[in-house]
Amino acid sequence: MTVEEFCNPLKTPILVAMANQVIIDESPVSINTISQRILEACGITKSTPKIKERVDYLVRATRIKPAPDGTTLFFWKPGSDPMAYDMYRCSEDLDVRAPEDIHSSEAACAMLEAITEQYGIPPAEACAAGARKLGLTRMTPAVKELMESGLTILQDENAVTLNSRGMLEST
């Protein structure tokens with residue numbers, strides 16, 4: 000599909016349906032990932048301001064309200080409860096998501112699994128182990144921030160505790 004075809008109003012229903020399907024299939028999903036999936040499916044390799052504006056319009060046209068997580072907007076499929084989210088997706092080698100495109104609830108789930116697998120793990124090690132489960136191999140500042148927000152969720156939900164030795168344990 001050419002950029003002109005992509006921006007053609009007659010293509011809007013098809014493209015909105017595509018955006019909606021990405022949200023349903025990949026929820027929670029960031030606007031960046033939705034854009035990437037739509038552009039890949041349409042064979043568009045370069046995102047320009049005009050393309051970004053069009054994608055933003057298409058996503059708004061789904062009428063699914065975004066929920067912020069940090070500085071990123073995430074979209075949840077209708078009927079989803081972000082507070083009850085209890086799974087995570089591991090990025091494939093060819094489709095590694097940026098830390099900004101992973102919801103902190105997913106980070107919390109990955110970290111909880113890592114903590115549960117070991118009896119007592121230092122918080123920094125739990126963050127690294129959870130990040131690896133998400134396919135993130137380097138602890139960059141963005142990865143560290145993501146995993147720390149996941150740990151905060153776990154602590155707020157009393158899913159983990161810090162024992163007398165300073166180790167995290169699942170409750």
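0 is the number of the first residue of the sequence shown in numbering that gives the first Met the number 0; add one for each residue after it. Each residue gets a CB set at the ideal place from its N, CA and C atoms; glycine is no exception.
GLY165 sits exposed, since fewer than 16 C-beta atoms from the chains shown fall within 10 Å of its C-beta. Taken through DSSP and simplified to helix, strand or coil, GLU156 comes out as coil. Using a Cβ distance threshold of 8 Å, SER103 and ILE152 count as a contacting pair. For the options MET82, PRO140, SER163, the alpha carbon positioned closest to that of PRO121 is the one of SER163. Scanning its chain for C-beta atoms nearer than 7 Å, with the 5 sequence neighbours on each side dropped, one finds around ARG53 the residues PHE5, CYS6, in chain order. Counting the other Cβ atoms within 10 Å of the Cβ of ILE13 gives fewer than 16, which makes it exposed. At a Cβ-Cβ threshold of 8 Å, SER29 and GLU144 do not count as neighbours. The C-alpha of ASN157 is placed about 15 Å away from the C-alpha of GLU112.
For the pair GLU105 and MET146, the Cα-to-Cα distance works out to about 9 Å.
According to the DSSP assignment, PRO67 belongs to the beta strand (DSSP E) that extends over 66-68. Of the candidates ALA141, MET110, GLN35, SER90, MET110 places its Cα closest to the Cα of GLN154.
Restricted to the region 102-137, the alpha helix (DSSP H) segments that are unbroken, complete and at least 4 residues in length are 103-116, 122-132, listed in chain order. Here ALA18 really is in contact with LEU57; their C-beta atoms are around 5 Å apart, less than 8 Å. LYS45 counts as exposed, since fewer than 16 other beta carbons sit within 10 angstroms of its beta carbon.
Residue state for ASP100 is assigned as helix, using DSSP reduced to three classes.
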